[in-house]
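The structure appears right after this line, and notes come after that.
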Amino acid sequence: MLKLHVSYSFAKREKQRRQEEEEVEKGIRFNDFRVLMYRRRSTSVVTDIKVLVCVQFFKVGEIDTLKEQYTADVIVRARWREPSLDGQLSEQGDMLEPGKYWNPKLYIENAYGDPKENFRYRVMFNEKGEAFISEKRTIKGTFMENLELDDFPFDVQDLTVTVASEFPSTEVELIEDSDNRHMVNKQSFVDEQEWYLYCHTQCTKWELKIDPVDDAAKRSAISVKCRAARRPGYFVWNIFIVTFLICSLSFATFSVDKSLPQNRLQLAFTLMLTSVAFKSVVNQSLPRISYLTYMDKYLLASMIMMSGVCAWHAVVITILNDRGFADHVESIVLIVLGIVYVLFNVGFIIIIYLFPCKKRRTMAVRDREHKEQARKLLESPSKIGKSKSVAKSKY
């Protein structure tokens, strides 16, 4: 009896499924949310629905280097086709019951905690009378970002918002909305004293792999990033210059008589310990990373230079039997160490200009290109009409 009951239930569900499929094909139950979900998620008929996404950075808050995260107010606009409303121009405007229709179930993949979100839905129509559902999502929260600190403190960081769908990538595909422009509001940037915010954006489409083994667990995602460059003035004056002065003072220990190596070593060790304590304070403002930043390289090179000075003061006592020879050798050592230290500082400045600052120059060029494109868009008469029509669809 149990087998008969299971067979009967399966046959009943299969019969109901075929009836619903026939009704969908005939357009009888287009407004039924359950049937729409079945039509778009059916395993027998895979439908790749395209969802157009636009991200606008309304307000960028504090960028926390130590926690590798930033706060922002972001507006995410999305729109997708809704065939059940085609031709029903009277439905245009705000939606009172958005739950009746299909939704791509978008979410912010790199959001930290529970951000505050507000939703608003509208129905729009194009010139052909095709219906689109538009979603405006206002998000206020904290976003995670893997900061690349190799160039610290001359680094340029990406501030990314990643939008993904809960449906597999075989059913929903997220693409960039060409009608709505990504935007960065520089006027409301909070961390202006420490960072410089660029006005251009970059959009990247990719697949989010929840399970590397299961292909059905792939989710379509789109990442929109703006960029901010750290203002290095604070670190240059308070760390680089101070370290340079501490290391330069180590050469003053050569003025102490060679017959008093204990006094030389005492002064050199004091300067060395000062630089070590200085580096410990600097490390408190950075996350625990497994690679060296440009600041780490400079501090370590300065400590190596002071270690070389200490090593010489320790061995000079062995050649004091011949005072003239000792004076001659120490003069050579002092000149060599001085030339090496000067060349190191000059080379360090050149490397900073050629490599970390190159990215800043590239970002400045992209900013100018972005502003030029925006200016041409506003000056072109044909584009103005298009922008006005797009503006009507915004809310």
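Note that our numbering has the sequence shown beginning at 1, numbered continuously upward. We put the CB at the ideal spot given by N, CA and C, even for glycine. Keep in mind the model is a prediction, meaning the values are calculated, not measured.
How far does the alpha helix (DSSP H) with Met305 in it extend, from its first residue to its last?
In the DSSP annotation of this structure, the continuous segment of the alpha helix (DSSP H) that includes Met305 starts and ends at 294 to 315.
Leu343 classed as buried or exposed, judged by whether at least 16 other C-beta atoms fall within 10 angstroms:
In summary, Leu343 is exposed, with fewer than 16 beta-carbon neighbours lying within 10 Å of its beta-carbon over all protein chains present.
Could you check which residue in Ala216, Ser290, Leu260 has the C-alpha nearest to that of Leu149? It is Ser290 whose Cα lies nearest to the Cα of Leu149.
Let me check understanding here. Comparing Cα to Cα, which of Ala268, Arg361, Ile241 lies closest to Ala314? For Ala314, the nearest C-alpha among the options comes from Ala268.
- Item | C-beta atoms of Leu96 and Ala78 nearer than 7 Å | No, Cβ-Cβ distance for Leu96 and Ala78 is not below 7 Å.
Could you check how far apart the C-beta atoms of Phe355 and Cys226 are, in whole angstroms? I think they sit under 8 Å. Separation of the CB atoms of Phe355 and Cys226 is rounded to 22 Å, and the pair is thereby denied contact status at 8 Å.
(Q) Ignoring anything shorter than 4 residues, give me the alpha helix (DSSP H) runs that lie fully in the stretch 333 to 361, in order along the chain. (A) You should have found no qualifying run.
So, are the CB atoms of Phe132 and Tyr70 less than 7 Å apart? Their beta carbons are not under 7 Å apart, which means Phe132 does not touch Tyr70 by this criterion.
What would DSSP say about Glu207, mapped onto helix, strand or coil?
Three-state result, Glu207: strand.
Using the Cβ count rule (16 or more neighbours within 10 Å means buried), how would you classify Arg375?
Exposed, because fewer than 16 other Cβ atoms sit within 10 Å of the Cβ of Arg375.
- Query: Does the Cβ of Tyr121 have 16 or more other Cβ atoms within 10 Å, making it buried, or fewer, making it exposed?
  - Reply: If you draw a 10 Å sphere on the C-beta of Tyr121, you find 16 or more other C-beta atoms in it, and that means buried.
Practice problem: Have a look at the DSSP bridge pairing and note the partners of Met183. | Solution: Beta-bridge pairing links Met183 to Gln56.
### Query
Between Ile49, Ile241, Arg137, which lies nearest to Asn406 when the distance is taken from Cα to Cα?
This structure cannot settle anything about residue 406, because the visible part of the chain is limited to 1 through 395.
ask   = Beta-carbon separation of Cys199 and Val224 under 7 Å?
value = No. Outside cutoff.
(Q) With distance defined between alpha-carbon atoms, name the residue in Lys279, Lys218, Gly87, Ala72 nearest to Ala111. (A) Ranked by Cα distance from Ala111, the first of Lys279, Lys218, Gly87, Ala72 is Ala72.
*Straight-line CA distance for Ala229 to Asp155?*
Note on geometry: alpha-carbon atoms of Ala229 and Asp155 lie some 6 Å from one another.
So, are the CB atoms of Glu62 and Val190 less than 7 Å apart? Yes, they are a contact pair.
Can you confirm whether the stretch 85 to 94 touches the stretch 162 to 169 when touching is taken to mean that 3 or more C-beta pairs between the two stretches lie within less than 8 Å?
The stretch 162 to 169 vs the stretch 85 to 94: no contact.
I need the DSSP call for Ser250, collapsed to helix, strand or coil. Note: Ser250 maps to helix in three-state DSSP.
(request) Would you kindly work out how many angstroms separate the C-alpha atoms of Gln266 and Ser250, rounded to a whole number? (result) The straight-line gap from Cα to Cα measures roughly 11 Å.
What distance in whole Å lies between the Cβ atoms of Pro168 and Ala221, which are believed to be in contact at a cut-off of 8 Å?
At roughly 12 Å, the Cβ-Cβ gap does not stay under 8 Å, so Ala221 and Pro168 are not in contact.
Closer than 8 Å by C-beta to Gly113: which residues in its own chain qualify, once you throw out the five before and the five after it? Chain order, please.
-> Closer than 8 Å at the Cβ level, and outside the excluded window around Gly113, lie Gly141, Thr142.
So is Val325 buried or exposed if we call it buried at 16+ other beta carbons inside 10 Å?
Sequence inspection shows Phe at residue 325; the Val mentioned does not correspond to that position. The residue in question, Phe325, is exposed, as its Cβ has fewer than 16 Cβ neighbours within 10 Å.
Review point. Where do the ends of the beta strand (DSSP E) carrying Leu427 lie?
Key: The chain is shown from 1 up to 395; residue 427 falls before or after that span and cannot be answered.
Please name the residue or residues paired with Val51 in a DSSP beta bridge.
In the DSSP output, where bridge partners are listed per residue, Val51 has Leu174.
Give me, in chain order, the residues of the same chain whose beta-carbon lies closer than 7 Å to that of Leu320; leave out the 5 immediate sequence neighbours on both sides.
These residues qualify, in order along the chain: Lys258, Ser259, Ala326.
Quiz item: Tell me the DSSP bridge mates of Ala229?
Solution: Per the DSSP secondary-structure output, Ala229 pairs in a beta bridge with Val156, Tyr196.
- Item | Same chain, Cβ closer than 8 Å to Thr147, neighbours up to 5 away in sequence not counted | This sequence places Leu at residue 147; Thr is not what is there. Taken in chain order, the residues that qualify are Thr65, Glu68, Asp155, Gln157, Pro287.
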